[in-house]
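Take a look at the structure below.
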Amino acid sequence: MFKSQKTEILEQAAEWLMRMKQRALNEQERQQFEQWQNRSRLHQKIWHKAIELEQKFQQLPPNIVIPVIQKQALKSHLNNWLLVLGLLPTVYLIYLFNQQQQWTADYRSGTGQQKTVPLSDGGKILLNANSAIDVEYTGQKRNIVLRKGEIWIETHHDSQHRPFIVYTQQGQAQALGTKYLVKMDENHSYVAVVKGAVKVQPQDDLQHSQILSAGQQTVFNQNEIQSVKDIDYTQLAWTKGLIVVDEMPLSQFVKRLQAYQHAVIYVDPDISQIKISGTYPINDMPQIYAMLEQTYSIQVDHYAMNHFIRIHSKNN
Numbered sequence: 001m002f003k004s005q006k007t008e009i010l011e012q013a014a015e016w017l018m019r020m021k022q023r024a025l026n027e028q029e030r031q032q033f034e035q036w037q038n039r040s041r042l043h044q045k046i047w048h049k050a051i052e053l054e055q056k057f058q059q060l061p062p063n064i065v066i067p068v069i070q071k072q073a074l075k076s077h078l079n080n081w082l083l084v085l086g087l088l089p090t091v092y093l094i095y096l097f098n099q100q101q102q103w104t105a106d107y108r109s110g111t112g113q114q115k116t117v118p119l120s121d122g123g124k125i126l127l128n129a130n131s132a133i134d135v136e137y138t139g140q141k142r143n144i145v146l147r148k149g150e151i152w153i154e155t156h157h158d159s160q161h162r163p164f165i166v167y168t169q170q171g172q173a174q175a176l177g178t179k180y181l182v183k184m185d186e187n188h189s190y191v192a193v194v195k196g197a198v199k200v201q202p203q204d205d206l207q208h209s210q211i212l213s214a215g216q217q218t219v220f221n222q223n224e225i226q227s228v229k230d231i232d233y234t235q236l237a238w239t240k241g242l243i244v245v246d247e248m249p250l251s252q253f254v255k256r257l258q259a260y261q262h263a264v265i266y267v268d269p270d271i272s273q274i275k276i277s278g279t280y281p282i283n284d285m286p287q288i289y290a291m292l293e294q295t296y297s298i299q300v301d302h303y304a305m306n307h308f309i310r311i312h313s314k315n316n
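Under UniProt numbering, the residue at position 301 of the sequence shown is numbered 301, and the numbers go up by one with no gaps.
The structure is reproduced here in structure tokens:
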């Protein structure tokens with residue numbers, strides 16, 4: 001339900017890119033590559049993006065590239081620095097596409113985008129940046145499949161009394177007449193209820209459930225539901241076009257920003273734990289960086305047409 005062909009094509013593109021950087025292709029390999037590239041428009045689009053990003057990365061200064069290379073080397077245990085350097089454009093390519101929407105979803109939002117989806121029963125769903133859903137309405141059910149990201153839901157009375165259920169990789173959240181938020185990452189789903197109630201069930205244990213009332217939130221994985229807590233309303237700020245944080249480490253704050261722009265953001269380790277507080281406008285990244293520079297002793301440098309951003313101490 002959740003898996004697309006994107007990951008497989010990205011891996012194949014990485015293999016072709018590495019092979020071409022190591023040596024020239026022979027005639028048989030060139031034919032194989034042409035056949036691979038012509039399999040679909042998606043193959044062509046991913047390959048063209050790989051070439052474009054490789055050219056952009058050639059503009060990066062070595063003192064910026066090296067920390068990223070080192071980070072990737074630690075992850076992959078590669079000792080061949082030239083190999084890692086060759087992989088850098090592909091690493092960025094995979095990173096970029098992982099931040100984007102699932103292309104085959106019914107509705108999707110890209111980096112820096114939010115999208116409102118009106119539902120046929122009068123309800124609506126707001127997609128945060130880099131989010132994707134499928135809408136499955138029949139005579140018996142109203143199902144929403146959250147394939148990626150975060151959504152805000154406002155349900156509407158249904159004359160056919162069909163259940164309204166949001167499915168994630170970890171389980172499901174059934175609305176009992178409500179306004180609520182559902183967010184999903186690789187391992188967990190998060191549900192926060194503002195109005196009405198929601199019944200949460202983990203995927204591998206549907207016999208157990210938890211009903212959340214207005215003002216409550218919880219996190220669950222495929223096996224269990226964690227304790228219910230009072231809602232953290234700062235998590236809903238994106239529905240108003242804002243990021244609101246209180247004493248959040250800079251490294252975590254940057255992860256929030258990542259959803260709203262096409263860029264790799266590198267934070268120097270010596271400032272990664274600076275505590276960030278305030279209210280920031282999602283739709284104005286230059287303003288966010290200006291606010292950070294004015295409030296904290298940091299500097300933001302932009303490279304490769306804003307595809308790479310380094311945040312460091314003003315003293316460095």
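The C-beta atom is built at its ideal place from N, Cα and C for all residues, glycine as well.
Take the Cβ of Ser297 as the centre, count every other Cβ of all protein chains shown within 10 Å, and call the residue buried at 16 or more, exposed below.
When all chains shown are included, Ser297 counts as exposed.
Beta-carbon within less than 6 Å of Lys275's beta-carbon, same chain only, minus the 5 sequence neighbours each way: which residues are those?
Within the same chain, Lys275 has close Cβ partners Glu247.
Rounded to whole angstroms, what is the Cα-Cα separation between Asn315 and Gln174?
Straight-line Cα distance between these residues: approximately 52 Å.
Alpha carbon to alpha carbon, what distance is there between Lys148 and Gln101?
Low local confidence applies: a pLDDT of 42 at Gln101 is under 50, so the model's placement there is unreliable, and no value is given.
Measuring only the C-alpha atoms, how far is Tyr233 from Leu181?
Tyr233 and Leu181: Cα-Cα distance of roughly 11 Å.
Just the Cα atoms here: how many angstroms apart are Asp185 and Arg23?
Answer to the nearest angstrom: the Cα atoms are 38 Å apart.
Taking the C-alpha atoms as reference points, what is the distance between Glu150 and Gln261?
Straight-line Cα distance between these residues: approximately 16 Å.
What residue ranges within the UniProt domain "FecR protein" (106-199) form continuous beta strand (DSSP E) runs of no fewer than 3 residues, ordered along the chain?
The qualifying runs are 115-118, 124-127, 132-137, 142-154, 164-167, 171-175, 179-184, 189-195.
Pull up the CB-CB distance for Gln216 and Asp230, whole angstroms please, since I reckon it's below 8 Å.
With a Cβ gap of about 7 Å, Gln216 and Asp230 count as contacting.
Would Glu154 and Lys115 be called neighbours here (beta carbons separated by less than 7 Å)?
No, they are not a contact pair.
Just to confirm my understanding: we take residue 334, look at its own chain, exclude 5 residues before and 5 after, and list those with CB closer than 8 Å. What are they?
Because the chain in this structure spans residues 1 to 316, residue 334 falls outside the shown range and cannot be described.
Quick check on this structure: which residue in Asn128, Asp204, Trp36 has the alpha carbon closest to the alpha carbon of Asn223?
When only C-alpha atoms are compared, the closest one is Asp204.
Starting from the Cα of His161, find the closest Cα among Glu29, Gln140, Tyr303, Asn283 and give me that residue.
Closest option to His161, Cα to Cα, is Gln140.
Where does Tyr303 fall in DSSP's three states?
In this structure, Tyr303 counts as strand in the three-state DSSP scheme.
Measure the Cβ-Cβ separation of Lys183 and Val194 and say whether it is below 7 Å.
Going by C-beta atoms, Lys183 is not nearer than 7 Å to Val194.
Compare the Cα-Cα distances from Ala214 to each of Ala197, Ala237, Pro202 and report the closest residue.
Taking only the C-alpha atoms, the option nearest Ala214 is Ala197.
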